[in-house]
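Structure first, commentary second.
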Amino acid sequence: MRRGVGIPVTAEGGFRRLEAMERAVGDGGVDFVALARPLVREPDLPNRLRDGRSTASTCVNCNLCSAWTIMRYQPLRCHAAGAGA
Ligand SMILES: Cc1cc2nc3c(=O)[nH]c(=O)nc-3n(C[C@H](O)[C@H](O)[C@H](O)COP(=O)(O)O)c2cc1C
Ligand code: SF4
Numbered sequence: 005m006r007r008g009v010g011i012p013v014t015a016e017g018g019f020r021r022l023e024a025m026e027r028a029v030g031d032g033g034v035d036f037v038a039l040a041r042p043l044v045r046e047p048d049l050p051n052r053l054r055d056g057r058s059t060a061s062t063c064v065n066c067n068l069c070s071a072w073t074i075m076r077y078q079p080l081r082c083h084a085a086g087a088g089a
């Protein structure tokens with residue numbers, strides 16, 4: 005697909021471990037990986053992955069962030085245990 009479209013291709017959805025992100029842009033053949041919920045919980049995660057201070061997101065995929073925002077019109081933030089840690 006990447007060869008066919010001739011523009012950068014991004015993979016997204018479910019990336020939590022640095023190892024998987026690195027594999028996607030290596031063997032996986034994509035140009036970027038995108039993160040959504042991991043950045044809701046830990047906005048500084050990319051810096052910590054880059055600096056070696058983390059190897060994975062602590063997002064547990066509970067979707068409470070989406071639920072509170074979409075159904076209750078609350079500002080977007082992580083509502084799971086340990087948020088902001
Ligand atoms: C709060 C929230 C809002 C989102 N809004 C959109 C949207 O408007 N359009 C869309 O295509 N995806 C939307 N998504 C989906 C994300 O772009 C992404 O595909 C999904 O969260 C899976 O990636 P992740 O595992 O990194 O979170 C939203 C996700 C979240 C958590
Ligand atoms: S509320 Fe759940 S899905 Fe959303 S960022 Fe926090 S842990 Fe991840």
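Mind the numbering: the sequence shown is residues 5 to 89 in my numbering, read in order. We put the CB at the ideal spot given by N, CA and C, even for glycine.
Reducing DSSP to helix, strand and coil, say where residue i ends up.
i	result
VAL37	strand
GLU46	coil
ARG93	Any question about residue 93 goes unanswered here, given that the chain covers just 5 to 89.
Going by CA-CA distance only, name the one from the options that's closest to residue i.
i	options	result
PRO47	GLY10, GLY32, ALA60	ALA60
GLY10	LEU43, GLY18, ASP35	ASP35
VAL64	VAL13, ALA87, ALA28, GLY33	ALA87
Using the Cα positions of residue i and residue j, report the straight-line distance between them to the nearest angstrom.
i	j	result
CYS66	LEU80	14 Å
ARG1	LEU49	With the chain covering only 5 through 89, there is no way to say anything about residue 1.
MET25	ALA15	9 Å
GLY33	ASN51	23 Å
ALA84	GLN78	15 Å
LEU22	LEU53	7 Å
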